Amino acid sequence: MNERQDIPPPPSSAYVALENGACASTDLTRGPWHPDHQHGGPPIALVARSIERAAAALELTHIARLTANLLRPIPIAELAVEVETEYAGRNVAHFSARLIAGGKDVARCTAVAQREAGLDIPAGLAGHPLPQAPRSIEQSPPARFPFSTTVTGYQDLIESRIAEGAFFRGPSAVWFRMRYPLVAGEETSALQRVAVAADSGNGISAVLDFRRYIFVNPDLTINLLRKAQGEWICIDARTLLGTKGGGLAEARIFDAQGLIGRSTQSLAIRLRE
349 MNERQDIPPP PSSAYVALEN GACASTDLTR GPWHPDHQHG GPPIALVARS IERAAAALEL
409 THIARLTANL LRPIPIAELA VEVETEYAGR NVAHFSARLI AGGKDVARCT AVAQREAGLD
469 IPAGLAGHPL PQAPRSIEQS PPARFPFSTT VTGYQDLIES RIAEGAFFRG PSAVWFRMRY
529 PLVAGEETSA LQRVAVAADS GNGISAVLDF RRYIFVNPDL TINLLRKAQG EWICIDARTL
589 LGTKGGGLAE ARIFDAQGLI GRSTQSLAIR LRE
């Protein structure tokens, strides 16, 4: 029997743009920690969408760094984004952004945007050509994200394949592809796809038991050396634990052509009550 036979089909996008400039969140953004709260990936991608637009107005088309500070649980509700240009030069600009829900800041982000230009890479450089993902998309077996099967959430927004390791059993590499657009009627950008996937680094590489521990990431930093190509993003992650309730999840980020960047997440760890 299909245990989801009474569950309505999922929405057709993570967000729906509203006339007031905000976006309505759908159930596809739901995370694993609380049924009323979003997974970090989609709202960070929503902020990236606004930052990309501000950068594009300055003809800066590469977001080299995106840092999100997650201040509060992000509700599955209407979200607004406000972007400010902190500094804009000819080739580089710095941006800050606020993600707002119910009149409160739920996340604050900063980003660095760069002007793109052609560059010939000399042959024989140390570390080049850049590494590839542990396994190709075609060689990686499909695997459903092991979140709830009875409610719609992030696990329905993305399709996943295991490139190395296994979900939630230590270091692992997972290919992600979005099944639905981030915002209805819009093409999801490369940066937005990376953000949706990268916030899962601490989950896919978990070394602690979900049933006994909570290990939430209050931030995410993504550094990219180029734009991702294609729909699939691989997050090759590992979790490192301290002895005082802190930790770090770090990941290499790949597309089908090879390494495109890295991400880090601070971890706040505690026993479940």
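Sequential numbering of the sequence shown, starting at 349, is according to this note's numbering.
Beta carbons are placed, not taken as given, at the ideal position from N, Cα and C, and that holds for glycine.
Model, not experiment: these values are computed from the prediction.
Query                                                                                                                                                                        : Result
Find out if the Cβ-Cβ distance for the pair G389, S548 is shorter than 8 Å.                                                                                                  : yes
Please confirm if the region 392 to 402 is in contact with the region 530 to 537, defined as three or more CB-CB distances below 8 Å between the two stretches.              : yes
I'd like to check one pair, S508 with V499: are the Cβ atoms closer than 8 Å?                                                                                                : no
For the alpha helix (DSSP H) that contains I424, what are its first and last residues?                                                                                       : Where I424 is concerned, there is no enclosing alpha helix (DSSP H), given that its DSSP letter is neither H nor E.
Please report the straight-line C-alpha distance between I583 and A545, rounded to a whole angstrom.                                                                         : 7 Å
By how many angstroms is the C-alpha of S373 removed from the C-alpha of P490?                                                                                               : 27 Å
Using CA atoms only, rank isn't needed, just tell me which of L418, Q605, T415 is closest to P477.                                                                           : Q605
Could you check whether I411 and A445 sit closer than 8 Å to each other, using their CB atoms as the reference points?                                                       : no
Run through the region 357 to 427 for me and flag every whole alpha helix (DSSP H) of 4 or more residues, listed as ranges in chain order.                                   : 389 to 404
Confirm, please, whether the CB-CB distance from I422 to A455 is below 8 Å.                                                                                                  : yes
Can you give me the C-alpha to C-alpha distance between P479 and G451, rounded to a whole angstrom?                                                                          : 44 Å
Look at the Cβ atom of F558, then the Cβ atom of G595, and state whether they are nearer than 8 Å.                                                                           : no
Is I570 closer than 8 Å to A543 when the C-beta atoms are compared?                                                                                                          : yes
Among residues of its own chain, excluding the 5 on either side of D375, which ones have a beta-carbon nearer than 7 Å to its beta-carbon?                                   : P358, P359, I424, T500, G501
Locate the alpha helix (DSSP H) running through G549, then write down its first and last residues.                                                                           : 549 to 552
In angstroms, rounded to a whole number, what distance separates the CA positions of E432 and A362?                                                                          : 24 Å
Look up D453 in the DSSP assignment and say whether it is helix, strand or coil.                                                                                             : strand
Which same chain residues end up closer than 7 Å to D384 when comparing Cβ atoms and leaving out the 5 residues on each side of it in sequence?                              : P423, I424
For the beta strand (DSSP E) that V542 lies in, which residues bound it at each end?                                                                                         : Not the beta strand (DSSP E): V542 falls in the alpha helix (DSSP H), residues 538 to 546.
Count the other C-beta atoms from every protein chain shown that fall within 10 angstroms of the C-beta of Q577, then say buried if there are 16 or more, exposed otherwise. : exposed
Taking only three categories from DSSP, how would you classify D557?                                                                                                         : coil
Taking just the CA atoms, how far does E598 sit from C457?                                                                                                                   : 19 Å
Does DSSP put D504 in a helix, in a strand, or in coil?                                                                                                                      : helix
Classify F495 as helix, strand or coil using the three-state DSSP reduction.                                                                                                 : coil
Assuming L573 and G609 are in contact, meaning their beta carbons sit under 8 Å apart, how far apart are those beta carbons, in whole angstroms?                             : 6 Å
Going by DSSP in three states, I485 sits in which element: helix, strand or coil?                                                                                            : coil
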